[in-house]
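One structure is given here, and the rest of the page talks about it.
Chains as they are written, first to last, in my numbering: chain A, 496 to 949; chain B, -3 to 175.
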């Protein structure tokens, strides 16, 4: 019954971390090899490249061309004074922002999986669900990443500063300063550095405390002869869910929506929640199937997999519903300060923006619609991989359009960050899985769960 | 006359019924029909009925609904009477598509749900003014009735059914009833 993290898995995780680190470092190096001194040459080379790309981009390239020409006149003059044109300055910022943003996207993606599982786990307790207790130890393993993952996200936010959060720029709230932004200044009661990190610590502390105590009671229940621990878990889970739905929403404003500080959407918290919920459930299914393939979790039958796959299907549709509700109203009303959010994404992020919709909606809808396919392990895993990639792109589309705008690419810094935090996630989760029996045998619903049959 | 004779075993609990069904099937008797006051989960599998194809029908009905919505909105909003709504002149279905998604969704659901219910009723041989096939009115309240055809095995079946916990066992001649 006990699970020990295999040395092979540990090596894979460590190799991922090392390769990821190399990728991240290389990303920072190449970004910072572009400086004020050589930005003009880099842009000129890029521009030249752009022309070589055939006729499809001709109109686009032409537009840029005119833009650049306008600056070209200043160029000689500016270079002489050692000053950059606006265009060059923006490009330089975007190039420098990219490795930070890539790191942040990767870190948030894996953190969000763990937090989504924590909410799912609390719902199982609060609803006194009878089908799921056989999966509790898998969920507890995944939620062990909430604290480290959250701290990493906050640390990156702290280091990246105005590379990701434009409202942290110097003088944004100072009237008369060149960076002064009236709208951001009006929001500075909420959007300020101290507030951001104090709130972040409070959110993380609350989530981690729940995770700590629910895990403690769950382990204690294994050897108890009454249901006291289970009842305590039921109570703290209900309380946690109230805390969670408020703090998750505020976290989404702080950590994600604030990268576009002028723009806001009232259902953003729900939308982020749907994304983390479906990614979390997908990872529960994948880890369960992995452990089953190792001959463990023999008490998990295909009805449990079926139920998880139903959730993957259902929450994918729920995610689409929220995504579309947000998109359609803003698209239709066409109010400039709102619609700019989607204009940026449709103009510069056509492939990830609409690709994500196909991966997060069309694929799960068609793949997981058939009842029988939800019980076929490899089918669930394949659908899960598509869903996870789709939700990575979702996070990508939240952050990148605000920080690097058109200078996005899924290259070394992005893939490096995925490997780095993916490896860390695997290491933390599977180490936590090794620390307790895989069957929470004291749970009063365990018999019902083992006999669960659909 | 033997073939038209059936035995009616009446139960008062769905769990008892389920185990009775499994026992009767294990003895290789063919169960003609079971009447229950509410759907009993897993009964179809226990009786060995072929899996339902209503999901496939529902998917096809949904596709029909989606198509109807697309064709209808294309005619109304693009071809017949194009308007400029919110600075979005409707000359292309694709570019105005987000505005039609709620209608596409609703008609998909509408067609799938209604046609599925109608299909289900017809397939269950239920339509307006149809005389109930239900042999005992108590099966609409709190009793469960299992109907098994008799082939000169009256006493054997009766004792088997009694063992399974039937509260009442009747032998009924279907032809006589029909007159």
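Where is the CB? At the ideal position from N, CA and C, for every residue including glycine. From a predicted model like this one, the values you see are computed outputs, not experimental measurements.
Item	Value
Which of the three DSSP states is assigned to residue 166/B in this structure?	strand
Which full runs of the alpha helix (DSSP H) of 4+ residues lie inside the segment 21 to 98 of chain B, going along the chain?	39 to 43 and 50 to 69
Buried or exposed, going by whether 16 or more other CB atoms sit within 10 Å of the CB of residue 510/A?	exposed
Please report how far the alpha carbon of residue 49/B lies from the alpha carbon of residue 115/B, in whole angstroms.	11 Å
List the endpoints of the continuous beta strand (DSSP E) containing residue 7/B.	1 to 7
Does the CB of residue 796/A have a neighbour CB from chain B at under 7 Å?	no
In the DSSP assignment, the alpha helix (DSSP H) including residue 935/A goes from what residue to what residue?	Element bounds for residue 935/A: n/a, residue is neither H nor E.
Kindly indicate if chain B contains any beta-carbon less than 7 Å away from that of residue 829/A.	yes
Going by Cα to Cα distance, which pick from 170/B, 167/B and 161/B is closest to residue 17/B?	161/B
Specify, as a first and last residue, the run of the alpha helix (DSSP H) that residue 919/A falls within.	907 to 928
Does any residue of chain D bring its CB to less than 7 Å from the CB of residue 893/A?	No chain D is present in this structure, whose protein chains are A and B.
Could one say the Cβ of residue 553/A lies closer than 7 Å to chain B's Cβ atoms, at least one of them?	Only weak support is given to the placement of residue 553/A: the predicted model assigns it a pLDDT of 39, under 50, and the value that follows is read from those uncertain coordinates. Not an interface residue.
Could you spell out the range, first to last residue, of the beta strand (DSSP E) harbouring residue 762/A?	Careful: residue 762/A lies outside any beta strand (DSSP E) and carries neither H nor E.
Roughly how many angstroms lie between the CA atoms of residue 647/A and residue 915/A, to the nearest whole one?	12 Å
Specify, as a first and last residue, the run of the alpha helix (DSSP H) that residue 610/A falls within.	581 to 621
Within this structure, are the beta carbons of residue 1/B and residue 111/B separated by less than 7 Å?	no
At a CB-CB cut-off below 8 Å, which residues of chain B make contact with residue 826/A?	94
Which residues, in order along the segment 803 to 823 of chain A, keep a beta-carbon less than 8 Å from a beta-carbon of chain B?	819, 822 and 823
Suppose you measure from the CA of residue 749/A to the CA of residue 896/A; what does that come to, to the nearest Å?	17 Å
Could you check which residue in 736/A, 519/A and 924/A has the C-alpha nearest to that of residue 594/A?	519/A
Determine whether the Cβ of residue 82/B lies closer than 7 Å to any Cβ atom of chain A.	yes
Please tell me whether residue 558/A has its Cβ less than 7 Å away from any Cβ of chain B.	Note that residue 558/A scores a pLDDT of 40, beneath 50, so its modelled location is shaky; the value from the coordinates is reported in the next line. No, residue 558/A lies away from the interface with chain B (no Cβ there is under 7 Å from its Cβ).
Name the chain A residues whose beta carbon is nearer than 9 Å to that of residue 97/B?	819 and 823
At which residue ranges does the segment 751 to 818 of chain A contain complete alpha helix (DSSP H) runs of 4 or more residues, listed in the order of the chain?	763 to 788
At a cut of 8 Å, does the segment 768 to 775 of chain A reach the segment 804 to 819 of chain A through at least three beta carbon pairs?	yes
Please state if the CB of residue 597/A and the CB of residue 908/A are separated by a distance shorter than 7 Å.	yes
Are residue 506/A and residue 778/A close, meaning C-beta to C-beta below 7 Å?	no
Between the alpha carbons of residue 760/A and residue 882/A, how many angstroms are there, rounded?	24 Å
Measure the C-alpha to C-alpha separation of residue 632/A and residue 931/A and round it to an integer number of angstroms.	8 Å
Please report the distance separating the alpha-carbon of residue 566/A from that of residue 583/A.	With a pLDDT of only 42 at residue 566/A, under the threshold of 50, the placement of this residue in the model should not be trusted; the figure read from the coordinates follows. Using only the alpha carbons, I get a separation of about 9 Å.
Select from 866/A, 606/A and 810/A the residue whose C-alpha is nearest the C-alpha of residue 855/A.	810/A
By the three-class DSSP mapping on this structure, what secondary structure does residue 178/B have?	For chain B, the structure presents residues -3 to 175; residue 178/B sits outside this window and is missing.
Unbroken alpha helix (DSSP H) runs of length 4 or more, entirely within the segment 639 to 666 of chain A: which are they?	641 to 655
My parser needs the alpha helix (DSSP H) runs of 4 or more residues fully inside the segment 662 to 713 of chain A; what are they?	677 to 681
Please identify, using Cβ separations under 9 Å, the residues of the segment 841 to 866 of chain A that lie next to chain B, in order along the chain.	864, 865 and 866
Output the distance between the C-alpha atoms of residue 942/A and residue 650/A, rounded to the nearest integer angstrom.	43 Å
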